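K.L.:
Sharing a structure below in structure tokens format, with a few things to ask.
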Amino acid sequence: MKKLSARRRHPLAAVVVLLLALAATGGLYAAFAPADKAQADETAQSLAIDEGKKLYAVGCSSCHGTGGQGTSDGPSLVGVGAAAVDFQVGTGRMPLQQQGAQAPKKKVIYTQAQIDQLAAYVASLGAGPSVPTDKQVDPKGADIAKGGELFRTNCAQCHNFTGEGGALTHGKYAPSLEGVSKKHIYEAMQTGPQNMPSFPDTTMPEKNKKDIIAYLDAVNSEKTESPGGLKLGGLGPVSEGLFAWIFGLGALIAVAVWVAARTAKAKKS
Amino acid sequence: MSTETTSATTAADHRKKAPAGERVADWADGRLGIYSLAKANMRKIFPDHWSFMLGEICLYSFIIIILTGVYLTLFFHPSMNEVEYHGSYVPLQGQLMSEAFNSTMHISFDVRGGLLIRQIHHWAALIFLAGMFVHMMRVFFTGAFRKPREVNWLFGFLLFVLGMFTGFTGYSLPDDLLSGTGVRFMQGAILSVPIVGTYLSMFLFGGEFPGGDFVARFYSVHILLLPGIMLGLVVAHLILVFYHKHTQFAGPGKTNKNVVGMPLLPVYMAKAGGFFFLVFGVIAAIAAVASINPIWALGPYRPDQVSTGAQPDWYMGFAEGLIRVMPGWEINLWGHTLVLGVFIPLVIFPLVLAAIAVYPFIESWVTGDKREHHILDRPRNAPTRTAFGVAWVTAYMIMLVGGGNDLWATHFHLSINAITWFVRIFFFVGPVIAFIVTKRICLGLQRRDRDKVLHGRESGIIKRLPHGEFVEVHEPLDQEQLHTLTAHEQYKPLEIGPSVDENGVQRKVKGSQKLRAKLSKNMYGEDSQIPKPTAEEYKEITSGHGHH
Amino acid sequence: MSSQETPEENLPSEQESAHGAVAVAKTGEHADPFADPGLPPHEHRVQDIDEKAARRSERTVALLFTVSMLSTIGFIASFVAFPVDKSVYLWPIGHISALNFALGMTLGLALFCIGAGAVHWARTLMSDVEVADERHPIEAEPEVKAKVLADFAQGAKESQLGRRKLIRNTMFGALSLVPLSGVVLLRDLGPLPEDKLRHTLWAKGKLLVNMNTNEPLRPSDVAVGSLTFAKPEGLEEHDHDFQTQIAKAALMIVRLQPDDIKDKRELAWSHEGIVAYSKICTHVGCPISLYEQQTHHVLCPCHQSTFDLSDGARVIFGPAGHALPQLRIGVNDEGYLEALGDFEEPVGPAFWERG
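In structure tokens, the structure reads:
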């Protein structure tokens, strides 16, 4: 600072300031002037990458390395694509709070705009799956029944019949799919987060993914019907058995106690 | 007013001929002998206790299962022909499925009330088995299985085992993805049987798994063979209950030679008859509010598909636990494979069940008691038996935990491997701990009973003695309570006697007798029961005045 | 185990006197303080002495029966009124079938009220005087036993069964042989096992068809970390034996970095790191497929057998007894993945003849 203030009065200072001001104005003009669209996008993209890089340096680089090359604490992010970032950060799994069996879903700490910037940066490190468009994840017109069949072949083994989740080895688990957005489901299939295998378009085309999303939308959403009554968690015989014991037999024993109990006697006067 | 008129008409009728009801009864008596039957049974006495109604829960849920089951057969197609689904449940439309699954979908979505009856049938089945389990434990812990009821104990045990298999075959009928996985597991278990496994499997499934036969075969087993045997056993069980007359707890006026309670007509006719409707009503309400086995969410069976959380209904959960926690032992010798990892659980399963079934015979052998017992034991007064029962239940429950290890893992954030190891260890350790702890608790309760008899009940009133000491006033028990608390019997441990008789000749003692004496000492020795207070002790304490 | 061997002193001695029919409570110094005082006197309920209370009970019972009648009418009305596919939202149960709920609740209430009415009637209005009924020993009197034994002996003698051994032996022979017919009849329940469990549809040159798309797979389709299921070319869902064939032929395909493959045979049978394993668990046959792409472990959802796909699919946890069978694969001239033969060992659960 001292140096700068000392040279403030240098004869060339005015020239430098003028040049800087010109450069800044020109730069700003270049950024904001109505240029042709592709060019603008490209620029926005590079800006986003820059912003993303900053966010990355603060929030991610300690585990994934300063250039996304990975460290012993976190895998390389080169080639994972924007979809992976959008999923991991968009569901709150990243940044990780602590090392454990697996990163749990938690509160999202970045805004969607920031997530997009991060995604743009990571995508720039190496080509990978991009974030799906709204059209790609729209279940309209998809074959729900086919989606069910695909789900039972590819997904139910870990996530349960209707996506209620299940256990994996050593404390890992396949999470419940209840309330997970269509985009995140698509991204999970596309990228295979953590220990989940991926289901790339080459083996599970976009149409199949849509079918699966449509099926999940039909069987595991807020408006899903459970004609028989309480779903009991959708977990099958274990919760049914507990319910039968506690509420079924419990209620019947309570009734039996009433049936067998002595009727109150009149007080002796 | 109206009563007078009725009695007047009855009297008038009497003059002419007997009332219609009596005439019908006369007709029946002439052919069936109903009067003699009614004489013995119409005013049969049943004691009142809620735990005596557990068996009724089972009986009534069994009847409900039969009624609803008959209804379901009207719509169910026990066939494995592949058809395409075109019913009203959208997420399955166009899917290939067996006719069994298709017709179950039809019952659930297109037959009015079909879903309700299906759910009543299934909930009643779960409650039936749970009821039998609890009923069996009630009989066990109160010693109601003792002479003359050993045979009825076995009948009841058989009903429980048959109920498990009837339930399993029924669970398999809809041919959904969950039950199909269960059948696959059963087939894998059958394959593990040495020498004949593959033959049994081929014969049961009409060829390779799954083939096209098992639903039809399970159907006749589920609706005819097993329920037929069970119905016979239930009738026999009930006849024996009537014949033996019900047991009762000790109490004033209740002896080993009487039964105190209310008569069948009218009180138990109304209570037991009413209880049937109560049970049916509760189960119907449960079927209205809670879904069970939603096969539409599970999908049709395909041997290459599966879902996590694949469990059987609760009564098979114990077997599921055994199979899950068993280490994968396999022995290959001389071109043959002994699949111990599957076959050992397959053998342990009946052995564990048999352990509880044969206990009554072991106990009666140890005691050598040939008398009839109609007064129930309080569990604390038979500490070894109670401890054994609790140990057995512990082993059973630990295996249930093992059978649901994946859900325990996800819902309590545990490692499935850790749970499996816990179950492996605690299947052996748990019952031992449970045995020791239960026995201690029983002895503690016996001591408390003894104190209560000798020193009276703690009244909660604190009194200050003249020299300043504070004491709690104990109220003596009345005679009814004194009798109730001292009515139980206490066996003395069996003595083999000296190994040399009076003349100095070596007496041969059989190994079985030595074992018996050892067991007897464990069951009735000093460490296994607190001597109940004697009249002398009581008099000595009550005659000495004041507190010490 | 005869009772003669049992020293009787271990039986509770005073049992009979303690449980005598009616222990007379003696008075004075020698009275047994623990003697059975006999049945306590009957105490009246409110309903026994107060007619108003009894009327209230009567009305309650009648009300319960009336509610039951109304519920049954409600049941019929619901049956007619609610379409079978009508769904309603009912807090806190959720979106449920209106018909199922209405039918179940009305039926439940109709039944419950009958029961509750009957029990309330029994509890409050029917006599609650406890009655003692005598028990009689189950064992027959000695005279009866003697008579039965004599009758039996006479019957046996008259039949001459003991004397005419030839009749007895042939009869037992006939009776023990005749059930064999029933056993023989069971023979056609199914075919003999022969080598059926040893073969699957896989054979040299059969393409690996993607379960999702029904198209043959190319190596480039299978990415590292992905999971794909395949069936043999030519097997279609509509085939009559699809279920039985897929139960053995279902295949699980993953791609590993060739460097990660520890087992030499696995590497040799793979193609560019693509390995194909049987999807059927070697424990009891569940379709195993919980693939953890980072650890390369695959877990069975039924009984938690865990296999290491990077090491010849050997068992690392759980009840399975041997590794998953691997299918040898290669690429045909057109660039599609193909099988290079059938599995070399039986797929699925182990059995006696497996060896």
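Listed in order, the protein sequences are those of chains Z, P and U. Start counting the first sequence at 1; every next residue gets the next number (UniProt numbering). Start counting the second sequence at 1; every next residue gets the next number (UniProt numbering). Start counting the third sequence at 1; every next residue gets the next number (UniProt numbering). Glycine is no exception: its CB is placed at the ideal position from the N, C-alpha and C atoms. Quick caveat: nothing in here was measured; it's all calculated off a predicted structure.
List, in order along the chain, the chain U residues whose C-beta lies closer than 9 Å to that of His106 of chain P?
P.N.:
To locate residue 106 of chain P, count along the second sequence from 1; it is residue 106. Within chain U, no residue comes near His106 of chain P; the closest Cβ sits about 11 Å away, beyond 9 Å.
K.L.:
Sort P:Leu445, P:Gly321, P:Trp408, P:Ile344 by Cα distance to Gly165 of chain Z and report the nearest one.
P.N.:
Reading the first sequence from its first residue, position 165 is the one you call residue 165 of chain Z. Ranking P:Leu445, P:Gly321, P:Trp408, P:Ile344 by Cα distance to Gly165 of chain Z puts P:Trp408 first.
K.L.:
Have a look at Gly128 of chain Z and Gln102 of chain Z and give me their C-alpha separation to the nearest angstrom.
P.N.:
Position 128 of the first sequence, counting from 1, holds the residue named residue 128 of chain Z. Position 102 of the first sequence, counting from 1, holds the residue named residue 102 of chain Z. Distance between the alpha carbons of Gly128 of chain Z and Gln102 of chain Z: 23 Å.
K.L.:
Is there a Cβ of chain U sitting closer than 7 Å to that of Val259 of chain Z, yes or no?
P.N.:
In the first sequence, counting from the first residue as 1, residue 259 of chain Z sits at position 259. True, the Cβ-Cβ gap to chain U drops below 7 Å.
K.L.:
In chain P, what lies closer than 8 Å to Pro33 of chain U by C-beta?
P.N.:
Locating residue 33 of chain U in the third sequence gives position 33, where the first residue counts as 1. Gln479, Leu482, Ala535, Tyr538, Lys539, Thr542, listed in chain order.
K.L.:
Could one say the Cβ of Gly504 of chain P lies closer than 7 Å to chain U's Cβ atoms, at least one of them?
P.N.:
Translated into the one-based positions of the second sequence, residue 504 of chain P becomes position 504. Gly504 of chain P does not count as touching chain U.
K.L.:
For Val315 of chain U, which three-state DSSP category applies?
P.N.:
Along the third sequence, read from residue 1 onward, the residue named residue 315 of chain U stands at position 315. Strand at Val315 of chain U.
K.L.:
Of all the CB atoms in chain Z, is at least one closer than 7 Å to the CB of Gln326 of chain U?
P.N.:
Taking the third sequence and counting its residues from 1, one reaches residue 326 of chain U at position 326. Judged by the 7 Å Cβ criterion, Gln326 of chain U is not in contact with chain Z.
K.L.:
If you measure beta-carbon to beta-carbon, which residues of the stretch 213–235 of chain Z are closer than 9 Å to chain U?
P.N.:
So the list reads Glu222, Lys223, Thr224, Glu225, Ser226, Pro227, Gly228, Gly229, Leu230, Lys231, given in the order they occur along the chain.
K.L.:
Give me the chain U residues within the contact set of Ser198 of chain Z, using Cβ-Cβ distance strictly less than 8 Å, ordered along the chain.
P.N.:
Residue mapping note: residue 198 of chain Z aligns to position 198 of the first sequence, counting from 1. The contacting residues are Ala223, Gly225, Ser226, Leu227, Gln293.
K.L.:
Helix or strand or just coil, what does DSSP make of Val279 of chain P?
P.N.:
The residue you call residue 279 of chain P lines up with position 279 of the second sequence. Helix, per DSSP.
K.L.:
Could you have a look at Asp308 of chain U and say whether DSSP puts it in helix, strand or coil?
P.N.:
Here residue 308 of chain U corresponds to residue number 308 of the third sequence, with the count starting at 1. Strand, per DSSP.
K.L.:
Under 9 Å between beta-carbons, which chain Z residues line up against Val46 of chain U? List them in chain order, please.
P.N.:
Here residue 46 of chain U is taken as the residue at index 46 of the third sequence, counted from 1. The answer, in chain order, is Thr263, Ala264, Lys265, Ala266, Lys267.
K.L.:
Cβ closer than 8 Å: which chain U residues qualify as neighbours of Gln305 of chain P?
P.N.:
Position 305 of the second sequence, counting from 1, holds the residue named residue 305 of chain P. Result: Pro287.
K.L.:
Quick one: what's got a C-beta closer than 6 Å to Val473 of chain P's C-beta in the same chain, skipping five residues either side?
P.N.:
For the purposes of this step, residue 473 of chain P is taken as the residue at position 473 of the second sequence. Counting only Cβ-Cβ distances below 6 Å, and skipping sequence neighbours, we find Ser459, Ile461, Lys463.
K.L.:
Considering Cα atoms alone, identify which of Z:Lys107, Z:Cys155, Z:Ser61, Z:Ser76 is closest to Lys209 of chain Z.
P.N.:
Sequence index remark: in the first sequence, residue 209 of chain Z carries index 209 (1-based). The shortest Cα separation from Lys209 of chain Z among Z:Lys107, Z:Cys155, Z:Ser61, Z:Ser76 belongs to Z:Cys155.
K.L.:
Within 10 angstroms of its Cβ, does Leu92 of chain P collect 16 or more other Cβ (buried), or is it exposed?
P.N.:
Here the question's residue 92 of chain P lines up with position 92 in the second sequence. Buried, since its Cβ has 16 or more Cβ neighbours within 10 Å.
K.L.:
Going by CA-CA distance only, name the one from P:Arg112, P:Gly94, P:Trp50 that's closest to Val139 of chain P.
P.N.:
Working through the second sequence from its first residue, we reach residue 139 of chain P at position 139. With distances taken between Cα atoms, Val139 of chain P lies closest to P:Trp50.
K.L.:
Who pairs with Pro300 of chain P in a beta bridge, going by DSSP?
P.N.:
Within the second sequence, residue 300 of chain P is the residue found at index 300, counting from 1. Note: Pro300 of chain P sits in a beta bridge opposite P:Asp176.
K.L.:
My guess is that Gly402 of chain P and Val325 of chain P are in contact by the Cβ rule of under 8 Å, so how many angstroms apart are they, rounded?
P.N.:
Position 402 of the second sequence holds residue 402 of chain P. Position 325 of the second sequence holds residue 325 of chain P. Sure, about 5 Å apart at Cβ, within 8 Å.
K.L.:
Against Phe205 of chain P, what residues of chain U qualify as contacts under a CB-to-CB distance less than 8 Å, listed in chain order?
P.N.:
Along the second sequence, one-based indexing puts residue 205 of chain P at 205. Result: Gly190.
K.L.:
When you compare only the Cα positions, how much space is there between Val298 of chain U and Gln117 of chain Z?
P.N.:
For the purposes of this step, residue 298 of chain U is taken as the residue at position 298 of the third sequence. For the purposes of this step, residue 117 of chain Z is taken as the residue at position 117 of the first sequence. Computed Cα separation, rounded: 35 Å.
K.L.:
In angstroms, rounded to a whole number, what distance separates the CA positions of Leu107 of chain U and Ala285 of chain P?
P.N.:
Mapped onto the third sequence, residue 107 of chain U falls at position 107. Mapped onto the second sequence, residue 285 of chain P falls at position 285. About 8 Å.
K.L.:
Looking at chain Z, is there any beta carbon in it that lies within less than 7 Å of the beta carbon of Pro232 of chain U?
P.N.:
Locating residue 232 of chain U in the third sequence gives position 232, where the first residue counts as 1. Output row for Pro232 of chain U: interface = no.
K.L.:
Have a look at Ile65 of chain P and Tyr85 of chain P and give me their C-alpha separation to the nearest angstrom.
P.N.:
Locating residue 65 of chain P in the second sequence gives position 65, where the first residue counts as 1. Locating residue 85 of chain P in the second sequence gives position 85, where the first residue counts as 1. Answer to the nearest angstrom: the Cα atoms are 28 Å apart.
K.L.:
Would you call the stretch 268–284 of chain P in contact with the stretch 100–117 of chain U, where contact means no fewer than 3 C-beta pairs closer than 8 Å?
P.N.:
Touching, yes, given that three or more Cβ pairs across the two stretches are closer than 8 Å.
K.L.:
Who are the neighbours of Ile49 of chain U on chain Z, taking C-beta pairs under 9 Å?
P.N.:
Looking up residue 49 of chain U in the third sequence gives position 49. Within chain Z, the residues near Ile49 of chain U are Ala266.
K.L.:
Counting only beta-carbon atoms, is His184 of chain Z nearer than 7 Å to chain P?
P.N.:
Residue mapping note: residue 184 of chain Z aligns to position 184 of the first sequence, counting from 1. It does not; no Cβ of chain P falls within 7 Å.
K.L.:
Tell me the rounded alpha-carbon separation between Leu494 of chain P and Glu526 of chain P.
P.N.:
Taking the second sequence and counting its residues from 1, one reaches residue 494 of chain P at position 494. Taking the second sequence and counting its residues from 1, one reaches residue 526 of chain P at position 526. If you take the alpha carbons of Leu494 of chain P and Glu526 of chain P, they lie about 12 Å apart.
K.L.:
Using DSSP bridges, identify the partner residues of Gln326 of chain U.
P.N.:
As a first step, residue 326 of chain U is located in the third sequence; it is residue number 326 there, counting from the start. DSSP, once it has assigned bridges, lists U:Tyr277 as partnering Gln326 of chain U.
K.L.:
Measuring alpha carbon to alpha carbon, tell me which residue in P:Val267, P:Phe128, P:Lys532 is nearest Leu443 of chain P.
P.N.:
Locating residue 443 of chain P in the second sequence gives position 443, where the first residue counts as 1. Taking only the C-alpha atoms, the option nearest Leu443 of chain P is P:Lys532.
K.L.:
DSSP state of Tyr89 of chain U, grouped into three classes?
P.N.:
Taking the first residue of the third sequence as position 1, residue 89 of chain U is located at position 89. Residue state, collapsed to three classes: strand.
K.L.:
Can you tell me whether Pro350 of chain P is buried or exposed, with buried defined as 16 or more other CB within 10 angstroms of its CB?
P.N.:
Within the second sequence, the letter at position 350 stands for residue 350 of chain P. Exposed, because fewer than 16 other Cβ atoms sit within 10 Å of the Cβ of Pro350 of chain P.
K.L.:
So, Leu64 of chain U versus Ala146 of chain U, is the Cβ gap smaller than 7 Å?
P.N.:
Counting from one through the third sequence, the residue named residue 64 of chain U turns up at place 64. Counting from one through the third sequence, the residue named residue 146 of chain U turns up at place 146. It is not a contact, given that the beta carbons lie outside the stated cut-off.
K.L.:
Below 6 Å CB to CB, which residues in the same chain sit around Thr484 of chain P once its five sequence neighbours on both sides are set aside?
P.N.:
For this step, residue 484 of chain P is matched to residue 484 along the second sequence. Answer for Thr484 of chain P: Ala250, Gly251, listed in chain order.
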